[in-house]
Amino acid sequence: MSEATTAGGQESGPAPVPLIDLVAQHHEIESEVTAAVCRVFAEQRFILGDEVAELEFELAGYCDAREAIGCASGTDALLLALMALEIGPGDEVITSPYSFFATASSIYRLGATPVFCDIDPASFNLDPHAVAEAMSPRTKAIMPVHLFGQCVEMEPLWRIAASAGIPIVEDACQAIGAEYQKRRAGVLGTLGCFSFFPTKNLGGAGDGGLITTDDASLASRVRRLRVHGEAGQYDHIEVGLNSRLDAVQAAVLRIKLRRLDSWTAARQRNARRYEVLFDEYGLLDCITLPGTQHDRRHVYNQYCVRVSSGQRDKVLAGLRERKIGCSVYYPKPLHLQTCFADLGYHAGDLPHAEQASRESLALPIYSELTEEQQERVVQGIAQSLGRTPQRSLRGRIPRPKFLSSGIRTGAAERTSEY
Ligand SMILES: Cc1ncc(COP(=O)(O)O)c(C=O)c1O
């Protein structure tokens, strides 16, 4: 087991296991990143330019989209997509209450109303039945969130959106490379929105975002909106944002994009290892592992388990005490956020999202995580639950409940073939 050492060289217990280790990732690509950043500095073209255009081309190909448009963040990608669709006051956009804040704030900032529908507890993703029930004449778009790197069940949403004649805006900020029925996130709706926040699977050296679409006229509208609605030569034909992607970000992202599929395969391998470890440590009676539907490619931006019987916070504290990285995504669902009080939601309105907030726990899943580190995570959970960590090589505990409903874990999931 790797040990941390003090300044005096003495051993001070096992080394911490971080929730994510971007330094380890950087070591692999340091010389390439340095050369690319130096190239941008030599050219002194820091905003948009060829570097961004190349990245857009490469990412359009990666997502199988006709167009990709870089912007300043995932939040801005959502805003720009909604602006291009002319969502505004009086409009409703149906979305998930179990997501990062920007999902709902992008709708709210435009004066539209986020309408929160409950999630499917097995996947943490928007429940299409709840969406069907929430449709109203004011519904102008549906914004599914491919949470933690797994795509939403899209087919029912396609039917709902087609019969109402409204667009779908994918919040794919956590899901680059994820697939639904062999189609990539970003082309499962009218517009797809991505984030390059450093902890994303494709993370930049700062903020960045991207919009994908197959619709050429929406693409040119987004391109205009990201530069203050300028049609050329200081001619502003609408009010947009200043939301351009930096060349430095693009240069770094292009290097990382070449490795994205091997990093994704490593995340998938780590997910499979957790399945074995949790089983062998006999913890599947109180830990529910994330399920993966058979027609999805889960890219595991986060690996979130559920801890049952009100023990999540005990496990969280126990892991932190043992210097094992973990976090709660998300401790407060969006419909209960203070700033959305005027929307009129109350505790109990969306029980599955609220339960997920009480039970979910994100564990380290990054590509460089070793098997030994993963075993320490699982042992730490056992200890936090007051158990003696003991590994048995016999699988013994029943499979997680949701497996009986046609969902399976990532064990047999195909690894990256790209
Ligand atoms: C689901 C989701 N939506 C939107 C965003 C916003 O992205 P950004 O942080 O790049 O603005 C994030 C990023 O954390 C996210 O995870």
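If you're matching positions, the sequence shown starts at 388 in my numbering and goes up one per residue.
We treat Cβ as the ideally placed atom computed from N, Cα and C, and that holds for glycine.
Keep in mind the model is a prediction, meaning the values are calculated, not measured.
_Assuming contact is defined by CB atoms lying nearer than 8 angstroms, are residue 598 and residue 481 in contact in what I supplied?_
no
*Let me know the secondary structure DSSP gives residue 487 once reduced to three states.*
coil
_Residue from 721, 774, 753 whose Cα sits closest to the Cα of residue 410_ = 753
*If you compare alpha carbons, which of 533, 562, 528 is closest to residue 549?*
528
*Would you call the CB atoms of residue 663 and residue 592 closer than 8 angstroms?*
no
*With hydrogens ignored, establish whether the beta-carbon of residue 560 is closer than 7 angstroms to any heavy atom of ligand 1.*
yes
*Can you give me the Cβ contacts of residue 674 inside the same chain, cut-off strictly under 8 angstroms, excluding the 5 residues immediately before and after it?*
665, 692, 693, 694, 695, 768
_Contact defined as beta carbons within less than 8 angstroms: I believe residue 439 pairs with residue 637. What is the distance between those atoms, to the nearest angstrom?_
4 angstroms
*Return the first residue and the last residue of the alpha helix (DSSP H) that residue 470 is part of.*
461-471
*Through-space distance from residue 429 to residue 535, alpha-carbon basis*: 38 angstroms
*beta strand (DSSP E) runs contained entirely in the segment 426-464, provided each spans 3 or more residues*: 454-458
*Rounded separation between residue 434 and residue 613 - CA only*: 12 angstroms
*Which class does residue 573 belong to by DSSP, given the choice of helix, strand or coil?*
coil
*Contacting residues, own chain, Cβ-Cβ under 6 angstroms from residue 448 (five flanking each side not counted)*: none
*One or two residues paired with residue 633 in a DSSP bridge*: 434
_Nearer than 7 angstroms: is that true of the beta carbon of residue 460 relative to any heavy atom of ligand 1?_
yes
_Assess contact between the segment 503-514 and the segment 650-658, defined as three or more Cβ pairs (one per stretch) separated by less than 8 angstroms. Is contact present?_
no
*Tell me, please, whether the segment 730-742 touches the segment 759-778 by the rule of three or more beta-carbon pairs shorter than 8 angstroms.*
no
_Three-state class that DSSP yields for residue 541 in the structure shown_ = helix
_Do residue 463 and residue 596 have their beta-carbon atoms positioned less than 8 angstroms apart in this structure?_
yes
*State whether the segment 572-588 contacts the segment 514-527, with contact taken as three or more CB pairs (one from each stretch) at a distance under 8 angstroms.*
no
*residue 576: beta carbon under 7 angstroms from a heavy atom of ligand 1?*
no
*asked:* Going by beta-carbon coordinates alone, are residue 618 and residue 608 separated by less than 8 angstroms?
replied: no
*Closer than 7 angstroms: is that where the CB of residue 600 sits relative to any heavy atom of ligand 1?*
no
*Run the proximity test for residue 489: is its beta-carbon closer than 7 angstroms to any non-hydrogen atom belonging to ligand 1?*
yes
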